[in-house]
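A.B. asks:
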Amino acid sequence: MSNLTHLESRFNLIKDEIPTAVNLRAYRCLSWLKKAKASEEDLDVRFISLWIAFNAIYAKDLTFVESDKSAFRQFLHLINLRAGNELYRLTWEKYPEDIRVFLNNRYVFQSFWDYHNGLFSEVALKEDLEKE
Numbered sequence: 001m002s003n004l005t006h007l008e009s010r011f012n013l014i015k016d017e018i019p020t021a022v023n024l025r026a027y028r029c030l031s032w033l034k035k036a037k038a039s040e041e042d043l044d045v046r047f048i049s050l051w052i053a054f055n056a057i058y059a060k061d062l063t064f065v066e067s068d069k070s071a072f073r074q075f076l077h078l079i080n081l082r083a084g085n086e087l088y089r090l091t092w093e094k095y096p097e098d099i100r101v102f103l104n105n106r107y108v109f110q111s112f113w114d115y116h117n118g119l120f121s122e123v124a125l126k127e128d129l130e131k132e
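By the UniProt record's numbering, the letter at position 28 of the sequence shown is numbered 28, and the numbering carries on one by one without gaps.
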C-alpha cells in the first residue's frame with residue numbers, strides 16, 4: 001500500500017469526526033498529492049502540486065494574523081515531533097542555501113500580496129517584512 005493510499009484510507013475513516021475546516025484542508029491536500037503522483041514525468045507540475053498540497057494542509061484562515069515564517073516554523077515543529085529530527089536534518093543539511101533564498105523572497109509572504117491587493121500600506125508591508 002502506498003503512502004498516499006494509506007493517507008486516503010485514514011482520512012476516509014475519520015473525515016466525519018473532524019472539524020469541517022480541517023476536513024476541507026485534508027481533502028484538498030490529498031487531491032493535490034494525487035495530482036503530484038500522476039505528474040511524475042513533469043517535475044514542474046509535480047513540484048507545484050506538492051507545494052500546493054503542503055500549503056493546503058498547513059495554511060490557516062487568513063483572518064488569523066500570524067507571520068508566514070512563524071506559521072511555517074510551527075508546522076515544521078509539529079512534523080518534527082512526529083519524525084524526530086529527521087526532517088530538520090534532511091532539510092537543513094541538504095538544502096540550507098535554497099531554503100534561505102526562498103525565505104528571503106518577499107513574494108512568498110502573504111503580507112506582500114496583501115500590499116499588492118491594497119489591503120496593506122507600504123509602511124505596514126515594510127514593518128511586516130522586517131519582523132520576518
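C-beta atoms are modelled at their ideal positions from N, C-alpha and C, and glycine is treated no differently.
Note that this is a predicted model, so its numbers are computed, not measured.
Applying the 10 Å Cβ sphere with the 16-neighbour rule, what's the burial state of Y27?
C.D. replies: For the purposes of this step, residue 27 is taken as the residue at position 27 of the sequence shown. Y27 is exposed by the Cβ-count criterion.
A.B. asks: Measuring CB to CB, does S111 end up less than 9 Å from D98?
C.D. replies: Locating residue 111 in the sequence shown gives position 111, where the first residue counts as 1. Locating residue 98 in the sequence shown gives position 98, where the first residue counts as 1. Contact flag unset, no.
A.B. asks: Starting from the C-beta of residue 198, find all residues in its chain whose C-beta is less than 8 Å away, skip the five residues before and the five after it, and write them out in chain order.
C.D. replies: Absent from the model: residue 198. The displayed extent of the chain is 1 to 132, so no value can be given.
A.B. asks: Between the C-alpha atoms of L125 and S9, what's the straight-line distance to the nearest angstrom?
C.D. replies: Within the sequence shown, numbered from 1, the residue matching residue 125 stands at position 125. Within the sequence shown, numbered from 1, the residue matching residue 9 stands at position 9. Roughly 42 Å separates the two Cα atoms.
A.B. asks: Please give the ranges of any alpha helix (DSSP H) in the segment 3-81, keeping only runs that are unbroken, at least 4 residues long and fully inside the region.
C.D. replies: Taking only runs of at least 4 residues, the alpha helix (DSSP H) segments lying wholly in the segment 3-81 are 3-14, 20-38, 43-58.
A.B. asks: Check this for me: beta carbons of F75 and Y88, under 9 Å apart or not?
C.D. replies: Counting from 1 along the sequence shown, the entry for residue 75 is found at position 75. Counting from 1 along the sequence shown, the entry for residue 88 is found at position 88. Contact: no.
A.B. asks: Can you tell me whether DSSP reads L119 as helix, strand or coil?
C.D. replies: Residue 119 sits at position 119 when you count from the first residue of the sequence shown. In the structure shown, L119 sits in coil (DSSP, three-state: anything other than H, G, I, E or B).
A.B. asks: For A21, count neighbouring C-beta atoms within 10 Å of its own C-beta (all shown protein chains included) and say buried if the count is 16 or more, exposed if not.
C.D. replies: Indexing the sequence shown from 1 puts residue 21 at position 21. Exposed, because fewer than 16 other Cβ atoms sit within 10 Å of the Cβ of A21.
A.B. asks: Just to confirm, are A53 and L78 a CB contact at a threshold of 9 Å?
C.D. replies: Counting from 1 along the sequence shown, the entry for residue 53 is found at position 53. Counting from 1 along the sequence shown, the entry for residue 78 is found at position 78. No, the Cβ-Cβ distance between A53 and L78 is not below 9 Å.
A.B. asks: Is it buried or exposed for Y115, if we count other Cβ within 10 angstroms and need 16 for buried?
C.D. replies: Sequence index remark: in the sequence shown, residue 115 carries index 115 (1-based). Classification for Y115: buried.
A.B. asks: Distance check for A56 and W92, CA to CA, integer angstroms please.
C.D. replies: Against the sequence shown, residue 92 aligns to sequence position 92. Against the sequence shown, residue 56 aligns to sequence position 56. One C-alpha to the other measures close to 23 Å.
A.B. asks: On the three-state DSSP scale, how would you describe residue 145?
C.D. replies: Because the chain here runs from 1 to 132, residue 145 falls outside it and cannot be looked at.
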